[in-house]
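Undergrad: Okay, handing you the structure first.
Residue numbers (the numbering used here): 3 to 185.
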C-alpha cells in the first residue's frame, strides 16, 4: 500500500516540525570554583542536619572528577570502581533508567570505549570518601558507594535531586538555575 500510494521513497521526517521553546534555549552555565565549594559546603551542612553522608561526598566527587550522575550512582567500592588506595576512580559501569526493570536500575557498560576510563582522585577527595565509607557503616568492596539504606541504587531524580536543590539554594546560587525554584 505504501508503494502504491507513493510513500516508500519519501523522507519519513518530512513534515515533522520541532516544537519551539518560547523562551529559547538557555546556554549552559559553568560554576566557578567558589560556587562549587559553596555547594559542597551547603550539602555537608545538610547531611549533618539529616544525620547522613550523601550530598557532600557525592557532589565533591562529581566536581573533582567530572563523572556523570549515572556513573557516580553505579560506582562501587574497590579495585574495579572507587579505589582509594590507588587514588583512582575506574569507570566501568553506569546506571540506565530506561533499561531498568520495575523497582530496580540496570547497570550497563559505558556506551563508548572512551567512556571506560580511569580518573585520578585528588587526595582531599580520597580523604573525604574514606570518611564517607566510615559514616556509611564500612560497606564491603563491590558495594555501592552511594546507596539507599538497603544498599540499593539511588534514584538521581529522588533524594539526589532534592539534596542538590537544597545545596544550591543554601549556597546562594541564584533561583531558576540548576533546577532551583524561587520560593
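By construction, the Cβ of each residue, glycine as well, lies at the ideal position given by its N, Cα and C atoms.
Since we're looking at a predicted model, the values are computed, not measured.
Using 8 Å as the cut-off, can you tell me whether the segment 112-131 makes contact with the segment 66-82, which would need three or more C-beta pairs spanning the two stretches below that distance?
TA: Judged by Cβ distances under 8 Å, the segment 112-131 makes contact with the segment 66-82, as three or more pairs qualify.
Undergrad: What's the call for residue 87, buried or exposed, on a 16-neighbour Cβ count within 10 Å?
TA: Looking up residue 87 in the chain shown gives position 85. That one is exposed.
Undergrad: Would you give the residue range spanned by the beta strand (DSSP E) that residue 110 belongs to?
TA: Counting from one through the chain shown, the residue named residue 110 turns up at place 108. Start and end: 108-110.
Undergrad: Within 10 Å of its beta-carbon, does residue 55 have 16 or more other beta-carbons around it, so buried, or fewer, so exposed?
TA: Looking up residue 55 in the chain shown gives position 53. Residue 55 comes out buried.
Undergrad: Drop a sphere of 10 angstroms on the beta-carbon of residue 45, count the other beta-carbons inside from all chains shown, and report buried for 16 or more, exposed for fewer.
TA: What you label residue 45 is simply residue 43 of the chain shown in a count that begins at 1. Flag for residue 45 reads buried.
Undergrad: Would DSSP call residue 85 helix, strand or coil?
TA: Stepping through the chain shown from its first residue, residue 85 is reached at position 83. It is a strand residue.
Undergrad: Hey, how far is the Cα of residue 159 from the Cα of residue 84?
TA: Here residue 159 refers to the residue found at position 157 of the chain shown. Here residue 84 refers to the residue found at position 82 of the chain shown. When rounded, the distance between both Cα atoms is 23 Å.
Undergrad: By how many angstroms is the C-alpha of residue 62 removed from the C-alpha of residue 112?
TA: Walking along the chain shown from the start, residue 112 turns up at place 110. Walking along the chain shown from the start, residue 62 turns up at place 60. Between residue 112 and residue 62, the C-alpha separation is close to 22 Å.
Undergrad: So which of 172, 173 and 145 has the shortest CA-CA distance to residue 74?
TA: Taking the chain shown and counting its residues from 1, the one referred to as residue 74 is at position 72. Nearest C-alpha to residue 74: 145.
Undergrad: With DSSP as the reference, please indicate the residues paired to residue 149 in a beta bridge.
TA: As a first step, residue 149 is located in the chain shown; it is residue number 147 there, counting from the start. The partner list for residue 149 (beta bridge, DSSP) reads 155.
Undergrad: Identify the continuous beta strand (DSSP E) that holds residue 96 and give its terminal residues.
TA: Here residue 96 refers to the residue found at position 94 when the chain shown is read from its first residue. Counting along the chain, the beta strand (DSSP E) containing residue 96 begins and ends at 96-98.
Undergrad: At the level of alpha carbons, what is the spacing between residue 76 and residue 58?
TA: For this step, residue 76 is matched to residue 74 along the chain shown. For this step, residue 58 is matched to residue 56 along the chain shown. The alpha-carbon atoms of residue 76 and residue 58 are separated by roughly 17 Å.
Undergrad: Just to check my reading of the structure: residue 143 and residue 80 have Cβ atoms closer than 8 Å, yes? What is that Cβ distance to the nearest angstrom?
TA: Sequence index remark: in the chain shown, residue 143 carries index 141 (1-based). Sequence index remark: in the chain shown, residue 80 carries index 78 (1-based). So it is a contact: roughly 3 Å between Cβ atoms.
Undergrad: Tell me, to the nearest whole angstrom, how far the beta carbon of residue 172 is from that of residue 48; I am working on the premise that it is less than 8 Å.
TA: Locating residue 172 in the chain shown gives position 170, counting from the first residue. Locating residue 48 in the chain shown gives position 46, counting from the first residue. At roughly 7 Å, the Cβ-Cβ gap stays under 8 Å, so residue 172 and residue 48 are in contact.
Undergrad: Taking the beta carbon of residue 114 as the centre, do at least 16 other beta carbons fall within 10 Å, making it buried, or is it exposed?
TA: Translated into positions along the chain shown, residue 114 becomes position 112. Exposed, because fewer than 16 other Cβ atoms sit within 10 Å of the Cβ of residue 114.
Undergrad: From the DSSP output, read off the bridge partner residues of residue 122.
TA: Sequence index remark: in the chain shown, residue 122 carries index 120 (1-based). Bridge partners of residue 122: 90.
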